[in-house]
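Here the protein sequences line up with chains A and B, keeping their order.
According to the numbering used here, the first sequence is numbered sequentially starting from 1.
According to the numbering used here, the second sequence is numbered sequentially starting from 1.
For each residue, glycine too, the CB sits at the ideal point set by N, CA and C.
Encoded as structure tokens, the structure appears first; notes follow it.
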Amino acid sequence: MTARTLIYNARLIDPADGLDHKGGVLIDGALIADVGPHLTRTAAAELKIDAKGKCLAPGLIDLRVKTGEPGAESKETLATASEAAAAGGVTSFVVMPDTKPVIDSVALVDFIQRRARDTAKVKIYPAGGLTLGLEGQKMTELGMIREAGAVFFCNGDQAVSDAGVLRRAMTYASSFDALVASRPDTHSLTRNTVMNHGAFAARLGVRGAPMEAEWIALARDLTLAETTRARLLVDTISTGRSLAAIEDARENGVKVACTVAAYSLFFNELDVGDYLTYCKVFPPFRPEADRLAMIDGVKRGAIDAIVSAHDPQPPEDKRLPIEEATYGAVGLETLLPALTSLVAQEHLTLLEALKPVTSGPADILGLPQGRLAIGTPADLVMFDPAAPWLCDRDDLSSRSKNSPFDGRRLEGRVLRTWVDGVTVFERA
Amino acid sequence: MASKEAETPYAFPHRHLLGIEGLNRLDIELLLDKGDRYVELNRQHVKHADALAGRTLINVFFENSTRTQGSFEIAGRRLGADVMNMSVATSSLKKGETIIDTAMTLNAMRPDLLVIRHSASGAVKLLSRKVDCAVINAGDGTHEHPTQALLDALTIRRRVGEISGLRVAICGDILHSRVARSNAILLNLLGAEVRLIAPRTLTPPGVADWGAEVFTDMRKGLEGCDVVMMLRLQQERMDGAYLPSAREFFHFYGLDFEKLSHAKPNAFVMHPGPMNRGVEIESGVADHKSRSLITEQVEMGVAVRMAVLETLANAKPDIGAKNA
Numbered sequence: 001m002t003a004r005t006l007i008y009n010a011r012l013i014d015p016a017d018g019l020d021h022k023g024g025v026l027i028d029g030a031l032i033a034d035v036g037p038h039l040t041r042t043a044a045a046e047l048k049i050d051a052k053g054k055c056l057a058p059g060l061i062d063l064r065v066k067t068g069e070p071g072a073e074s075k076e077t078l079a080t081a082s083e084a085a086a087a088g089g090v091t092s093f094v095v096m097p098d099t100k101p102v103i104d105s106v107a108l109v110d111f112i113q114r115r116a117r118d119t120a121k122v123k124i125y126p127a128g129g130l131t132l133g134l135e136g137q138k139m140t141e142l143g144m145i146r147e148a149g150a151v152f153f154c155n156g157d158q159a160v161s162d163a164g165v166l167r168r169a170m171t172y173a174s175s176f177d178a179l180v181a182s183r184p185d186t187h188s189l190t191r192n193t194v195m196n197h198g199a200f201a202a203r204l205g206v207r208g209a210p211m212e213a214e215w216i217a218l219a220r221d222l223t224l225a226e227t228t229r230a231r232l233l234v235d236t237i238s239t240g241r242s243l244a245a246i247e248d249a250r251e252n253g254v255k256v257a258c259t260v261a262a263y264s265l266f267f268n269e270l271d272v273g274d275y276l277t278y279c280k281v282f283p284p285f286r287p288e289a290d291r292l293a294m295i296d297g298v299k300r301g302a303i304d305a306i307v308s309a310h311d312p313q314p315p316e317d318k319r320l321p322i323e324e325a326t327y328g329a330v331g332l333e334t335l336l337p338a339l340t341s342l343v344a345q346e347h348l349t350l351l352e353a354l355k356p357v358t359s360g361p362a363d364i365l366g367l368p369q370g371r372l373a374i375g376t377p378a379d380l381v382m383f384d385p386a387a388p389w390l391c392d393r394d395d396l397s398s399r400s401k402n403s404p405f406d407g408r409r410l411e412g413r414v415l416r417t418w419v420d421g422v423t424v425f426e427r428a
Numbered sequence: 001m002a003s004k005e006a007e008t009p010y011a012f013p014h015r016h017l018l019g020i021e022g023l024n025r026l027d028i029e030l031l032l033d034k035g036d037r038y039v040e041l042n043r044q045h046v047k048h049a050d051a052l053a054g055r056t057l058i059n060v061f062f063e064n065s066t067r068t069q070g071s072f073e074i075a076g077r078r079l080g081a082d083v084m085n086m087s088v089a090t091s092s093l094k095k096g097e098t099i100i101d102t103a104m105t106l107n108a109m110r111p112d113l114l115v116i117r118h119s120a121s122g123a124v125k126l127l128s129r130k131v132d133c134a135v136i137n138a139g140d141g142t143h144e145h146p147t148q149a150l151l152d153a154l155t156i157r158r159r160v161g162e163i164s165g166l167r168v169a170i171c172g173d174i175l176h177s178r179v180a181r182s183n184a185i186l187l188n189l190l191g192a193e194v195r196l197i198a199p200r201t202l203t204p205p206g207v208a209d210w211g212a213e214v215f216t217d218m219r220k221g222l223e224g225c226d227v228v229m230m231l232r233l234q235q236e237r238m239d240g241a242y243l244p245s246a247r248e249f250f251h252f253y254g255l256d257f258e259k260l261s262h263a264k265p266n267a268f269v270m271h272p273g274p275m276n277r278g279v280e281i282e283s284g285v286a287d288h289k290s291r292s293l294i295t296e297q298v299e300m301g302v303a304v305r306m307a308v309l310e311t312l313a314n315a316k317p318d319i320g321a322k323n324a
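See the structure below:
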């Protein structure tokens, strides 16, 4: 019999069941053996941990992470990303296929899984490329790549611009009930843009991405999901009107889920400030009304998953005039603190904030974790929801430090993280 | 003469000149007043002052420019500074070295003044954060071109009169124009009524917040104007079809005598240069002896740049360093 670990005196947060109450979790090996208010200090276990009233929740599941492995390991490897994830309470994440080479074959899916198993501290799931080389021309071996372990298919940061290609890929994917993720973007409207299109961009003298680029592409993708009957995951929406369109489609029976980047809940377009390249992301920070609409979508449960959109970029690609800088921001380590900060600001309850990073994404992918249930993997995070701290990019674990949260005050900090019952992070 | 500045009761509070935004009316008037005095110096037989003797000015142009670079060079030399020109657009710095590396390299040469032009908005501000000396924005992307706005204001003040209360039209490619941005801010600050005239594809979003009235009909927009500022149609920046053709643009937005007749009877015409004759302005208008101020703008450019260089070289950086 393996050693059992008891975490007691905790505030248990289980969004899957809507429970927020005092209690404990008993870990036996890699699994949760028992959970509930009856698990107090006196329960039988070989190792006992006093949570001191802090929150204990399922480890976070993040559906959108980029690393530089393979191809750009100087930005981030699966191992360094997993360090950042563990420090942020993220115990499972999906890596995007836009690497060099692109994850568009069974062998490369296999490579990611092997590297993850051998080097990473948390669970890593590959997303497969929807088209070969992500060129938007020919579909990949969707069926076999799915069997090899790809959890969904997407075209990375580039939307498939050819509707015919996307229609065929979705039709084919629907034969296997494979999930297709599509980024709602009309590239011809957003090429070479720096931030949201509007008065502020005009004042800074930079090119802006209009919101209609998102609406037009989304309308196409939702229509194709309806006609092909494929399962669609809309990858990072950023406007209230997009959410309304998704809810309409859902009401009409379209199998659609959607995600939002944590930064879209936290920042608005004015945060780009003095040409801050760490705030150059895609989709860009939007007007305040849209930020609030995204938070409201989380509150109502209309947004299925919140993602970190972790995208490490080294200084040589960011310390440039904003027009020349690359897109992207790291986010694994600030995902939970961004959400707990929104809780501290009374925008959301803890249960509302955590559902789209636990059971929400778990349900999309059909994973057993993401809940405090007996017999499920003991992927857990213990955090102090009110601990104030100042985010300093140099303290982040990611190999790249391009965080828009740099210099921001956040509330809520991870204390300890478990994956399959093993501690992978503990704050000193 | 420049050493007599002690009489000015107001000290310029900024370390750099990165844009008109962030300046107040006093800052602008101080620079224009000094510019006025340098105009007089520049019209003397011997045009030399020693306000910047022993100081080093480096012109760093990441984007080619003959006029602005020449104007800054003459301004620096007339004040006695050692002037060096670096044309980075043609050098090996283009790729590989980041603008920040360039800034550190320049900074190590210990200049007193850096004049910078760059094709990316915000690039000059980025560079200014990494150096110890005063930085002057000689145009950054489609953001700002503050010395152009100052020289335009000096030109108007000397030839048309007090700027407050004047009606000024800025016409043409507003979207891609840093000159339009700087001028709209400055003219608003000094109390002019600003009008922007352009087709919708060349009008920036949120232009309503600029404190200016926007017109698509040039004749209506020109009604009652004291000054008509034309902008260069930045053809090299057009990567798409913002306009059907240069011919159509001239038809609707090119300044000819007929359109000009809708402005005040003696309205003045300005253009920051270089002009596309027959595209945004008809030659006869551009060369009109009494109404075109275009060559005078060039003369004012040297004077105003002398004022800016001398002011920043002798500013006390502690006061305004925070918002620089």
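| Check | Outcome |
| --- | --- |
| Secondary structure, beta strand (DSSP E): runs of 3+ residues fully inside the segment 11–99 of chain A | 19–28, 31–36, 47–50, 55–58, 60–65 and 90–95 |
| C-beta neighbour in chain A for G211 (chain B), strict 8 Å | no |
| Buried or exposed by the 16-neighbour rule on C-beta atoms within 10 Å, applied to Y10 (chain B) | exposed |
| Continuous alpha helix (DSSP H) assignments of at least 4 residues falling wholly in the segment 241–323 of chain B | 246–253, 257–260, 283–286, 294–313 and 317–320 |
| Contact belief for L332 (chain A) with V90 (chain A) at Cβ below 8 Å, rounded distance in angstroms | 6 Å |
| Backbone secondary structure at T193 (chain A) - three-state DSSP | coil |
| Whether L224 (chain A) touches L270 (chain A) by CB criterion (8 Å) | no |
| Coil, strand or helix - S92 (chain B) by DSSP | With a pLDDT of 49 at S92 (chain B), under the threshold of 50, the predicted position of this residue should be treated as unreliable, and no value is reported. |
| Interface positions of the segment 276–296 of chain B facing chain A (Cβ-Cβ less than 7 Å), listed along the chain | none |
| Beta-carbon proximity of L57 (chain B) to P111 (chain B), cut-off 8 Å | yes |
| Local Cβ density within 10 Å of V46 (chain B), reported as buried at 16 or more and exposed below that | exposed |
| Which residues DSSP lists as bridging L114 (chain B), in chain order | B:I58 and B:V135 |
| Residues near V256 (chain A) in its chain [Cβ-Cβ closer than 7 Å; skip 5 each side] | L222, A225, L232, V234, I246, A249 and R250 |
| Cβ-based contacts, 8 Å cut-off: residues of the segment 244–274 of chain A near chain B | D274 |
| Sequence-distant residues of the same chain with beta carbon closer than 6 Å to V102 (chain A), five excluded per side | G129, G133 and L134 |
| Inter-stretch contact at 8 Å, needing at least 3 Cβ pairs: the segment 31–45 of chain B / the segment 118–133 of chain B | no |
| Contact list for H197 (chain A) against chain B, beta-carbon separation under 7 Å | P205 |
| Contact check, H310 (chain A) vs K123 (chain A), beta carbons under 8 Å | no |
| For R195 (chain B): DSSP bridge partner residues | B:A169 and B:E213 |
| Under the three-state DSSP convention, the category T140 (chain A) falls into | coil |
| Segment contact flag, the segment 211–219 of chain A with the segment 168–177 of chain A, C-beta cutoff 8 Å, min 3 pairs | no |
| Best match in A:D317, A:D290 and A:G412 for proximity to A344 (chain A) [C-alpha to C-alpha] | A:G412 |
| Distance, A10 (chain A) Cα to G53 (chain A) Cα | 5 Å |
| Buried or exposed (CB count within 10 angstroms, at least 16 for buried), A504 (chain A) | Outside the shown range of chain A (1 to 428) lies residue 504 (chain A), about which nothing can therefore be said. |
| Short CB-CB distance (under 8 Å) between S92 (chain B) and chain A | Any answer about S92 (chain B) is weak, because its pLDDT of 49 lies below 50 and its placement is not dependable; what the coordinates show is given next. No, S92 (chain B) lies away from the interface with chain A (no Cβ there is under 8 Å from its Cβ). |
| Status (buried if at least 16 other CB within 10 Å, exposed otherwise) for I374 (chain A) | exposed |
| D290 (chain A) classed as buried or exposed, judged by whether at least 16 other C-beta atoms fall within 10 angstroms | buried |
| Under 7 Å from the C-beta of P312 (chain A): neighbouring residues of chain B | Simply none; closest approach about 18 Å. |
| CB contact below 8 Å: E316 (chain A) versus chain B | yes |
| 8 Å Cβ cutoff, R181 (chain B) in contact with chain A | yes |
| Straight-line gap, S92 (chain B) to I136 (chain B) (C-alpha atoms, nearest Å) | Bear in mind that a pLDDT of 49 at S92 (chain B), under 50, signals an unreliable position, so the number given afterwards is only what the model happens to contain. Roughly 23 Å between the two C-alpha positions. |
| Distance between S400 (chain A) and N192 (chain A) (C-alpha atoms, nearest Å) | 23 Å |
| Three-state secondary structure (DSSP) of R168 (chain A) | helix |
| P429 (chain A) to H197 (chain A) span [Cα, whole Å] | In this structure chain A extends from 1 to 428, so residue 429 (chain A) is not present and cannot be described. |
| Cα-Cα separation between T228 (chain A) and S182 (chain A), rounded to whole angstroms | 14 Å |
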